[in-house]
Amino acid sequence: MPASEARDPLHDAALAMIQAGADAALVCRALKPVRARWAGQAFIRSADPAADAEIIQRLEQGQHPAQIAKAVGKHRTSIVRRRSRWLSERGPQ
Numbered sequence: 432m433p434a435s436e437a438r439d440p441l442h443d444a445a446l447a448m449i450q451a452g453a454d455a456a457l458v459c460r461a462l463k464p465v466r467a468r469w470a471g472q473a474f475i476r477s478a479d480p481a482a483d484a485e486i487i488q489r490l491e492q493g494q495h496p497a498q499i500a501k502a503v504g505k506h507r508t509s510i511v512r513r514r515s516r517w518l519s520e521r522g523p524q
């Protein structure tokens, strides 16, 4: 089933994991309590805090955006945008 036919984000995630080779029964069993906890809510982060922390750490180390993008599985322009935001958050040194 294509993602466009997924019923909700958890269903979409389950389909993606199964398509990647995960056991369907295990995926469904693992996501069942997650669905119960989040039932009726529509909260999905637009960013992954763990990946964002790693990006910031690598920026502080002076790594090139292309290196960071490859390491964290993001597109280079995403890293460049994050660097721009990070620099503005730091303010004048």
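Residue numbering for the sequence shown is 432 to 524, as defined by our numbering. By construction, the Cβ of each residue, glycine as well, lies at the ideal position given by its N, Cα and C atoms.
Out of the options, point me to the one whose CA is closest to residue i's CA.
i      : options                           : result
Leu518 : Ala453, Gly471 and Gly493         : Gly493
Val503 : Arg513, Arg521, Ala453 and Ala482 : Ala482
Asp479 : Asp454, Ala455, Lys505 and Ala456 : Lys505
So residue i and residue j are in contact, right, with Cβ under 8 Å, and what is the actual spacing, rounded?
i      : j      : result
Ile526 : Ile487 : A query on residue 526 cannot be resolved here, the shown segment of the chain reaching from 432 to 524 and no further.
Val465 : Leu441 : 6 Å
Arg512 : Ala497 : At roughly 14 Å, the Cβ-Cβ gap does not stay under 8 Å, so Arg512 and Ala497 are not in contact.
Using three-state DSSP, classify residue i as helix, strand or coil.
i      : result
Ile486 : helix
Lys505 : coil
Arg514 : helix
Arg521 : helix
Ala445 : helix
Is the beta carbon of residue i sitting closer than 8 Å to the one on residue j?
i      : j      : result
Ala445 : Cys459 : yes
Ala437 : Asp443 : yes
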